[in-house]
Amino acid sequence: MVDTEVVVVDACRSAIGKRKGSLKDAQAPDLLGDVLKALFTRTGLDPRHVGQVVGGCVNQVGQQAGNVTRNAWLAAGLPLEVGASTVHSQCGSSQQATTLAHGLVAGGLVDVAVAAGVESMDQVPINASTDPAYGTGRNERYRRHYEVTTQFEGAERIAEKWGFSRDDLDAYGVLAQQRAATAVAEGRFESQIIPVEAPVTDDDGKIVGSRSFAMDEGLRPTTPEGLARLKVNLPDRPGGARHTAGTSSQIADGASALLMMTADKAEKLGMTPRARLVRSVLVGSDPVMMLTGPIPATQKILADTGLTIGDIDAFEINEAFAAVVLAWQKAFGADPAKVNPNGGAIPFGHPLGASGGILLTRLINELERSGGRYGLVAMCCGGGLGTATLVERV
Numbered sequence: 310m311v312d313t314e315v316v317v318v319d320a321c322r323s324a325i326g327k328r329k330g331s332l333k334d335a336q337a338p339d340l341l342g343d344v345l346k347a348l349f350t351r352t353g354l355d356p357r358h359v360g361q362v363v364g365g366c367v368n369q370v371g372q373q374a375g376n377v378t379r380n381a382w383l384a385a386g387l388p389l390e391v392g393a394s395t396v397h398s399q400c401g402s403s404q405q406a407t408t409l410a411h412g413l414v415a416g417g418l419v420d421v422a423v424a425a426g427v428e429s430m431d432q433v434p435i436n437a438s439t440d441p442a443y444g445t446g447r448n449e450r451y452r453r454h455y456e457v458t459t460q461f462e463g464a465e466r467i468a469e470k471w472g473f474s475r476d477d478l479d480a481y482g483v484l485a486q487q488r489a490a491t492a493v494a495e496g497r498f499e500s501q502i503i504p505v506e507a508p509v510t511d512d513d514g515k516i517v518g519s520r521s522f523a524m525d526e527g528l529r530p531t532t533p534e535g536l537a538r539l540k541v542n543l544p545d546r547p548g549g550a551r552h553t554a555g556t557s558s559q560i561a562d563g564a565s566a567l568l569m570m571t572a573d574k575a576e577k578l579g580m581t582p583r584a585r586l587v588r589s590v591l592v593g594s595d596p597v598m599m600l601t602g603p604i605p606a607t608q609k610i611l612a613d614t615g616l617t618i619g620d621i622d623a624f625e626i627n628e629a630f631a632a633v634v635l636a637w638q639k640a641f642g643a644d645p646a647k648v649n650p651n652g653g654a655i656p657f658g659h660p661l662g663a664s665g666g667i668l669l670t671r672l673i674n675e676l677e678r679s680g681g682r683y684g685l686v687a688m689c690c691g692g693g694l695g696t697a698t699l700v701e702r703v
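As numbered in our numbering, residues 310 to 703 make up the sequence shown, in order.
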């Protein structure tokens, strides 16, 4: 365990754009660049103090290739002397970026770091980099050890293993939408969302201007009756399927960024910490079940810190699919009222590479709102990975 105290000075994000919504024409480097620039405007910190920037992005092709984090930093007009790198850990990419930045600061390699993430799923489709990356290795050697499945199949197997019915999943989907609507109505996200420039296009798709975008737009008010009418994601699956679009995360666009440093550096710079990073982990999990990673990641966090699930006041468990959250909740007996209290990826969307940072930003704000001490973010990731980060409100 590292003794150096690492604190989060600020965390912010773009509003999340729904599929074919306000951010559909936004270029990923510009979107992330807007968020990075705002991070320093909000804090007043000279960006030259930053030792490294670590960003997460899943589909690193096209405009998201070529180290999109570095490109975003430069696109924002930030100091060229500051280095940046981009990591890929599937859906947990920006949370892993936070873990690596945490390690850089805790290990003494830098005093100040930025962790970020971006995904423009309208511009770069969800599977843009998948098949070429797997190649024949996954088709041949991989199959010697593991059955090849998808995240959709993994979600169904989780529902079967933990005994969740279609009604159970639908009930969670309705709850997520209700919580999200309440959070938006009460303005809980206003202080964490920074306006970004959303391109405006004409009828021919030509960009003719821009407008400021600053409100999550994926909410879909629903009822149990409404969800019951939706078709399942895998209609031809042997044995049937239970998840629908109403109990699955939405395709979305967004970006996030966190500014972290040692507690000593924060004091010297006159910065007021908002949270302390206690522990961050990345673990492997069953690649066939695919999405159970939050369970072993949480187990490791608890074992490493000596805390119990009852010691934690708020949880953000990524809503990739309803069964993922419900299985995690059942495994630990966590208080449902503390799990995703403001809704998650089902109502708002899941901009892959940005989601870890978005969840951490939401969590820090929720701890401040509720007065809680400890908060945990955990995510499932394609290929069988789990990420988890424990923070303590300062």
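No residue lacks a Cβ here, since even glycine has one placed at the ideal position from N, Cα and C.
Nearest-angstrom Cα separation, counted from residue j out to residue i
i, j, result
"residue 442", "residue 367", "A caution first: residue 442 carries a pLDDT of 48, below 50, which makes its placement in the model unreliable, though a value can still be read off. About 12 Å."
"residue 351", "residue 345", "10 Å"
"residue 702", "residue 673", "7 Å"
"residue 467", "residue 384", "42 Å"
"residue 315", "residue 417", "10 Å"
"residue 513", "residue 333", "14 Å"
"residue 310", "residue 586", "Residue placement at residue 310 cannot be trusted, given a pLDDT of 48 that sits under 50; what the coordinates show is reported in the next sentence. Between residue 310 and residue 586, the C-alpha separation is close to 13 Å."
"residue 530", "residue 480", "13 Å"
"residue 523", "residue 360", "29 Å"
"residue 532", "residue 635", "19 Å"
"residue 499", "residue 563", "15 Å"
"residue 477", "residue 631", "9 Å"
"residue 438", "residue 400", "13 Å"
"residue 432", "residue 375", "16 Å"
"residue 490", "residue 588", "31 Å"
"residue 616", "residue 427", "32 Å"
"residue 329", "residue 526", "11 Å"
"residue 664", "residue 381", "17 Å"
"residue 656", "residue 633", "15 Å"
"residue 555", "residue 472", "19 Å"
"residue 544", "residue 465", "12 Å"
"residue 695", "residue 574", "31 Å"
"residue 628", "residue 654", "5 Å"
"residue 686", "residue 407", "12 Å"
"residue 552", "residue 578", "49 Å"
"residue 409", "residue 538", "43 Å"
"residue 671", "residue 692", "26 Å"
"residue 342", "residue 402", "17 Å"
Range covered by the alpha helix (DSSP H) that runs through residue i
i, result
"residue 351", "337-352"
"residue 406", "402-415"
"residue 677", "664-679"
"residue 609", "603-614"
"residue 378", "377-384"
"residue 631", "631-641"
"residue 654", "654-657"
Run of the beta strand (DSSP E) containing residue i, from where it starts to where it stops
i, result
"residue 361", "361-365"
"residue 320", "315-322"
"residue 424", "421-429"
DSSP bridge partner residues for residue i (one or two, in chain order)
i, result
"residue 648", "624"
"residue 392", "361"
"residue 696", "591, 688"
"residue 327", "561"
"residue 553", "541"
"residue 683", "701"
"residue 398", "400"
Distance CB(residue i)-CB(residue j) smaller than 8 Å
i, j, result
"residue 536", "residue 483", "yes"
"residue 319", "residue 340", "no"
"residue 676", "residue 622", "yes"
"residue 317", "residue 646", "no"
"residue 662", "residue 567", "no"
"residue 377", "residue 392", "no"
"residue 458", "residue 688", "no"
"residue 325", "residue 494", "no"
"residue 649", "residue 624", "yes"
"residue 414", "residue 580", "no"
"residue 358", "residue 421", "yes"
"residue 508", "residue 519", "yes"
"residue 618", "residue 611", "yes"
"residue 322", "residue 497", "no"
"residue 372", "residue 425", "no"
"residue 558", "residue 659", "yes"
"residue 335", "residue 429", "yes"
"residue 697", "residue 639", "no"
Legend entry - Residue ranges of each alpha helix (DSSP H) within the stretch 469-550, 4 or longer: 475-494, 533-537
Inset, instruction - Any chance you could list the alpha helix (DSSP H) runs of at least 4 consecutive residues sitting entirely within the stretch 555-593, in chain order? - result: The qualifying runs are 572-578.
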